[in-house]
Every structure is written in structure tokens, then in C-alpha cells.
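Asks: Below is one structure. I have some questions about it.
Chains as they are written, first to last, in the numbering used here: chain A, 4 to 246; chain B, 68 to 554.
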């Protein structure tokens, strides 16, 4: 479904992605782990071209995203949902409107249709009673669950998660991970950047360990967590698991 | 490097513009008017500053302002003799000659003396009236002042740039001279004892003294030799046929002794004004002023937001040229006084297209406001977290829809108080259009001042009216702001 080939991203002289390649298959859950500054978020943000890669190839369902116009890109993005660290709910809209805006404006779905779908999604993330609330009235965990529902409202083929629990108070991490775990079980294709190692081990089909602008090691959770091959991976896991 | 670029970007257009105007100016000045040109358009446009009774002043006839006075009758006689219709245009005294040079008016009659300096830029007719020079003093001071010689070492007021200023400087040694633009302002200064006397033309002094019991007129006993130039009609440079026609009419005025008759008529008209000097009597004047002030403000806000919005997007555009142009416009407009912009639009643009004063005022105020609104909008857009745009774009919303549904509504809420501030200051700052003769509240205030010979009361009324307007707007803006705070 999603293939990256030799992706390079430079900010000036600073090399953030140094020839990254990988493949996400249909229904797969990829969890990207690694130290801060290793390029995880940049990789994720390149996948839907919020960030413009300097060179390389991103193939989504056979289309090379690097060759697309703005307009074509907007169409592709409807199929790639994204969930951000800081939720980025639209504070000027109600929760319901956050969910219905894009389906209405981009997919030209009718209002009734989008509202009905939004209500189903809100119920699914356990927040059916918050439809008329504004984001400032919600807790962090609630905001992130709404943000996931907003991404789902576009019926995407893949969901990208950029450290979805990093900005949350510890007691709210669980509710968000639960929603994500449910999605994984339903077969949603997901790429997740996270520091939650326990969660990674539980839901990942494949774990990518990224450090120093490269993917150092790829493998099943067992392979990465229990039998890491690379010294950089071992060092990182030792540090993280010691905490 | 950036600063250098900016300097080049701003500097070169400015230099070109300046050079263009320096070159262009001479050719404009060279274009005189002829009698046949005036007769062909069937109108003779008179420029005057109607704050100088009995020469020229305003009366309220059937609810309409009308400029009347001795000078207007002279102008009517000339128009009659040429067989054309007289049109009167009011402007500040300082703006009159510019108006003549830029073709806004065909002639200026405003108790103006043909000084050598003025002769450099315009043509003058013969002198049509030569009055004595009087001094106005407070009624309580009659024992101390008898003639110009009583004012040695005293404070004396004159109109800025007037003949009286030169006369006083020369003939009252050691007097402290205070120059103000308008006679009503000088009278205010006199009554509040900021100055001890005012040197003015005899008919003007008579008008004030006979209408205000607190003021007394004394003979200045000036040495009126070669310094005394009287009043003449000004025409554009190189208009010999018009000057000749005017001189012929003036000759008749002198032979038929029409001036005393004109002054008598003017005196009677002045009584219409001073018959009832309560501010209520002049409500229609203030109402008209409020109307124009509100009109200018509202139209300027609307245009200002529209152009300001475009400029703000221009500032944030990807295209370097668009960004540069928007930046230059904003910096230039913010870096020059509104007054100069208004004069530039009215007189400068007027060289090519003849636009009425009101339109010129609205254009200048709108374009000025646009620059400030642009910066407010830009800062509002910049303050919206980049995550909002990213979230919106990640859902497939286009840049345009993102702006429209996500960024703009949030920015508007944030910048509303700053925009409101701009609107409130626009109500007050628009008052500067009065210098080109737009009858806004400030202009009307001066009209009422000169019509009633009351200085402070009209100022007070105008002040209260301004406050009511700004306060109401402020309340309205607060109401909208609360509405936007949904939660």
C-alpha cells in the first residue's frame, strides 16, 4: 500500500532523513521507535507530504506522491488520515463540525450523511455526548480521541500517528491507546510513531527502529525487543527499559 | 542584504515619482486659463475659505449651507459679466492656491492680498478692496490699548501667512506674534487671554465687535503705505485674458461704488446667523457633519478591510514580487502622514482625473486604513498555530478552504479588538478631510464657530458628538466580540 524508496530530507545542511526505505502492507501496523531527533516524525510527515522530501520516492497505492500537483495531493490526503501530538482540533468549530467539515467540503458528502457517520464515530471513541462541545471544554485524552475520530471520518486507507500520547497526562494515555488498539484489531493500516514500548510490543506487526536519520533495524516486536541485532538498538532499548 | 533590498525596492519608486512630479509640475503651472475656455464650459469655479466674515462666510438658508459675503458678490459680478454660472468651492485658506495651480478652481477670491511671493505662482487682478487695519481687544482692556503703539512688548495674534502678520512684525516692534490659521481660533485665544489683541482687516474686526459684546475694535493706526496691498482676485499663472476681464469688472465696481453696497448686504446676512446663536439652532450643521463623518468612516472601513485583507495575503504570498509590493505599500503609507496623503490624492491625482473632495477624502482615508488593517490581519494570521493548517491540509482540505474555514475565523476572533481600535481611531482621524473642504464634523464645527462668533461651545458640542459616536461603536464591537466567544 505504501512504499518509500531512498527518502532524503535536508534542512539546509542538516540531514534529517538519510536514504530511508520501507514498505507498509495493507492491514499492517508499523510502529516507529527510536531516540528523539532520529527523524521519526519527519519520516511520518513526509508520507503525506506535509513535509517535502528533498529526494526519493513515496508510492501510495501505486502513485508517486512526489510527482503530484497540490490538487491531486489533496485527493491523496483524503485517504491518509493523520493524528498529531498536539491534537490540532479546530477550536472555532464544535466537535461534530470538526468531524463533518472535511467530508462535506472535500468529499462533497451530504450534511445528513456526514452527521450520521460522525455520530457513529464519536460513539466508537466513547464521546457521543460531546458532539456539541468545543475543544477547549475537553481534556487532552478526549481531544485526541476526537482527533482520531476526525481522521476516521474521511474513511482513510491508512492512519498516521505522530506521537499521539506524548502531550497527554499519564492517566489519559490509556484511553487513547485503547482506541488505537481497537482500530488495529479491526485491521486498519497504521503507521505509529510513539515512545510507548509496551503498546508497540502489543499492537505492532513490524517495528522500525530509527536513529541518526536512518532506519537502523526492522523486525517483529519480538525480534526487536527481545533479540535486537544492532548495537544502536540495544543501547536505546537498554536506556528506555531501565526507566 | 535584506535591508539593502528593501531600500532599493522603496527608494527607486519614490525617486522616480519625485522626479516625475518635479518635471510635471512646471508644465502644469504653465497652463493658464483663457476667457474663452471658461465661457466654453459655462461655469466659473471660485475657490474661497468661508471663515472670514464679512468677506466670505456661511449662512444657513432653508437648511442648506450657502457661502455669502462681499467677495462672493464680487465673484458673482465677474461671472455675470462673463456670461457664465458661478460655482463656489470651499477649501482651507492654505489650500486655495494649490487648488488654483492644480485646476480644482478657476479663481480664488478670499480677501487675498497680491503679495510678491504669491505673484510667483499665480496671476492677480487689480485690487478691488482696500480696507484699513484694526485691532480687536477684550472689552475689559479698553483703557490699556488705544492703537498699535500700546502693544509694544505685548502678545498679538494674526492669521498665519497673512498680510497682517507682516505688518505687525514690521510696525509693532517687540510684540510677541502668535500666528493661528483661523480668525475664530484667534478670537478664542483673545478671550482666554492667551493674546492681548488681534490685528485684522477692518470689516472683519467690525463684524466680530458688533456681534460679540466682549470684544472691542480699535483703529490700529498702522502706517499703510506701500505695505498695504488690499484684496485682489487670483487666477492661474499666464491667464492674461481672464485678468483683463476681471479688471474690467473691478473697474465698474469701483466706478459704481458697489463695495459699500456689498458690505451692507453682507452685514444683513450676518444678522441671520447671529440672530440665534444657541447650539440647538445649529443642529442641522452638526447633523450634516455627523453624516459625512460616518459616511467616510463606514466606507473607509469597508474598503480598508477589503484592500487590507488583500495586502495581508500579499505579505504572506509565496511570490517575492507580490510580497515586496505589499510590503512597500504598507511601509510607505504607514510612514507618511494622513494629511499629506489626502492632499496628494486630492491635488496630485486631481492633475489627471478631477475627483470631488469627498471622493478624494474617502480614497485617501481608505487606502491609509488598508495599510494598518493589513498589518493587523497579517499578525492575526501569523498567530494561528501551524498545526491548525497541517491538520486541515492532512484531511485533504485545500489551502483556500483551510484559510476560509479554519485560519480566518480564528484569526478574526483574535484580531477583533485591534480592528475595533482601528475603526474607532478612523472616526477621529477622518476629521482631517476637512482641510480639503469635505463638510465633516470638524469642518462644520468651524462653520458654526464663524457663524455664531462663539468659540468654545461648538468645540464642546463636537467633542461630545465624537465621544458618543466612538463610544457607541466601542459598545457595538464589544457586543460582537462577546457573540464570538461562543463557549
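Glycine included, every Cβ here is placed at the ideal spot set by N, Cα and C. Since we're looking at a predicted model, the values are computed, not measured.
Using a cut-off of 7 Å between C-beta atoms, extract the partners of residue 105 of chain A located in chain B.
Replies: Result: 462, 463, 464.
Asks: Give the residues of chain B in contact with residue 16 of chain A, contact being defined as C-beta atoms less than 7 Å apart.
Replies: Per Cβ cutoff of 7 Å: no residues; residue 16 of chain A is ~19 Å from chain B at best.
Asks: Would you mind giving the Cβ-Cβ distance between residue 124 of chain B and residue 517 of chain B, rounded to the nearest angstrom? I have them listed as a contact below 8 Å.
Replies: Confirmed, Cβ separation roughly 6 Å.
Asks: Answer yes if the stretch 106–123 of chain B comes into contact with the stretch 261–278 of chain B, meaning at least three C-beta pairs across the two stretches below 8 Å, and no otherwise.
Replies: Enough Cβ pairs lie closer than 8 Å, so yes.
Asks: Whose C-beta lies closer than 6 Å to the C-beta of residue 114 of chain B among residues of the same chain, with five residues either side of it excluded?
Replies: Closer than 6 Å at the Cβ level, and outside the excluded window around residue 114 of chain B, lie 156, 158, 163, 166, 172, 175.
Asks: Would you call residue 93 of chain B buried or exposed, if buried means 16 or more other Cβ atoms sit within 10 Å of its Cβ?
Replies: Unreliable placement is indicated for residue 93 of chain B, whose pLDDT of 43 sits below 50; no coordinate value is reported for it.
Asks: Short of 8 Å Cβ to Cβ, which residues in the stretch 435–461 of chain B face chain A?
Replies: The residues in question are 452, 454, 455, 457, 458, 459, 460, 461.
Asks: Starting from residue 14 of chain A, trace the beta strand (DSSP E) in both directions and tell me its first and last residue.
Replies: Start and end: 5–14.
Asks: Exposed or buried, residue 74 of chain A, counting other C-beta atoms within 10 Å across all chains shown (16 or more means buried)?
Replies: Exposed is the call here.
Asks: In whole angstroms, give me the CA-to-CA distance for residue 245 of chain A and residue 390 of chain B.
Replies: Rounded to whole angstroms, residue 245 of chain A to residue 390 of chain B spans 53 Å at the Cα level.
Asks: With a CB to CB cut of under 8 Å and the five nearest residues on each side skipped, what residues in its chain are close to residue 219 of chain B?
Replies: 239, 240, 241, 242.
Asks: So with Cβ pairs under 8 Å, would you call residue 93 of chain B a contact of chain A?
Replies: Low local confidence applies: a pLDDT of 43 at residue 93 of chain B is under 50, so the model's placement there is unreliable, with the coordinate-based value given in what follows. No, because no Cβ of chain A sits closer than 8 Å to the Cβ of residue 93 of chain B.
Asks: Looking only at its chain, what residues have a beta carbon closer than 7 Å to the beta carbon of residue 384 of chain B, apart from the 5 residues adjacent to it on each side?
Replies: Hits under 7 Å: 390.
Asks: At the 8 Å Cβ level, is residue 63 of chain A part of the contact set with chain B, yes or no?
Replies: Residue 63 of chain A does not count as touching chain B.
Asks: Between which two residues does the beta strand (DSSP E) holding residue 32 of chain A run?
Replies: From DSSP, the beta strand (DSSP E) with residue 32 of chain A extends over 32–36.
Asks: Return the CA-CA distance between residue 199 of chain B and residue 513 of chain B, expressed in angstroms with no decimal places.
Replies: Those two C-alpha atoms are separated by around 26 Å.
Asks: Within a Cβ cutoff of 7 Å, which residues of the same chain sit near residue 106 of chain B, ignoring the five residues on either side of it in sequence?
Replies: 149, 150, 151, listed in sequence order.
Asks: So, helix, strand or coil for residue 91 of chain A, using DSSP?
Replies: Coil, per DSSP.
Asks: Output, in sequence order along the chain, the residues in the stretch 482–512 of chain B whose CB is closer than 8 Å to any CB in chain A.
Replies: So nothing in the stretch comes that close.
Asks: So the alpha helix (DSSP H) residue 120 of chain A belongs to, where does it begin and stop?
Replies: Note, residue 120 of chain A: alpha helix (DSSP H), 114–127.
Asks: What does residue 81 of chain A reach in chain B if we use C-beta pairs closer than 8 Å?
Replies: Result: 462, 463.
Asks: Can you pull out the residues from the stretch 397–431 of chain B whose beta carbon lies closer than 7 Å to at least one beta carbon of chain E?
Replies: Here the protein chains are A and B, and chain E is not one of them.
Asks: Could you tell me which residues DSSP pairs with residue 214 of chain A in its beta bridges?
Replies: Partner(s): A:217.
Asks: Just to confirm, is the Cβ distance from residue 164 of chain A to residue 196 of chain A under 8 Å?
Replies: Yes; because the gap between Cβ atoms is below 8 Å, this pair is in contact.
Asks: Any beta-carbon of chain A closer than 8 Å to the one on residue 552 of chain B?
Replies: Cβ-Cβ to chain A under 8 Å: no for residue 552 of chain B.
Asks: Assuming residue 283 of chain B and residue 204 of chain B are in contact, meaning their beta carbons sit under 8 Å apart, how far apart are those beta carbons, in whole angstroms?
Replies: Correct: roughly 6 Å between the Cβ atoms.
Asks: What whole-angstrom Cβ distance do residue 331 of chain B and residue 287 of chain B have, given they're in contact under 8 Å?
Replies: Actually they are not in contact, since the Cβ atoms of residue 331 of chain B and residue 287 of chain B sit about 23 Å apart, beyond 8 Å.
Asks: Measuring CA to CA, which of B:476, B:460, B:479, B:488 is closest to residue 78 of chain A?
Replies: When each option's Cα is compared against that of residue 78 of chain A, the closest is B:460.
Asks: Output yes or no for whether 8 Å exceeds the beta carbon distance between residue 21 of chain A and residue 216 of chain A.
Replies: Taking 8 Å as the Cβ cut-off, residue 21 of chain A and residue 216 of chain A qualify as a contacting pair.
Asks: Unbroken alpha helix (DSSP H) runs of length 4 or more, entirely within the stretch 325–350 of chain B: which are they?
Replies: Listed in chain order, the complete alpha helix (DSSP H) runs (minimum 4 residues) inside the stretch 325–350 of chain B are 325–341.
Asks: Work out the CA separation of residue 195 of chain B and residue 95 of chain B for me, nearest whole Å.
Replies: For residue 95 of chain B, the predicted structure reports a pLDDT of 44, less than 50, and the residue's modelled location is therefore unreliable. A value from the coordinates is still provided. If you take the alpha carbons of residue 95 of chain B and residue 195 of chain B, they lie about 28 Å apart.
Asks: Assuming contact is defined by CB atoms lying nearer than 8 Å, are residue 393 of chain B and residue 401 of chain B in contact in what I supplied?
Replies: No. Outside cutoff.
Asks: State buried or exposed for residue 428 of chain B, treating a residue as buried only when at least 16 other CB atoms are found within 10 Å of its CB.
Replies: Flag for residue 428 of chain B reads buried.
Asks: So, helix, strand or coil for residue 27 of chain A, using DSSP?
Replies: Strand at residue 27 of chain A.
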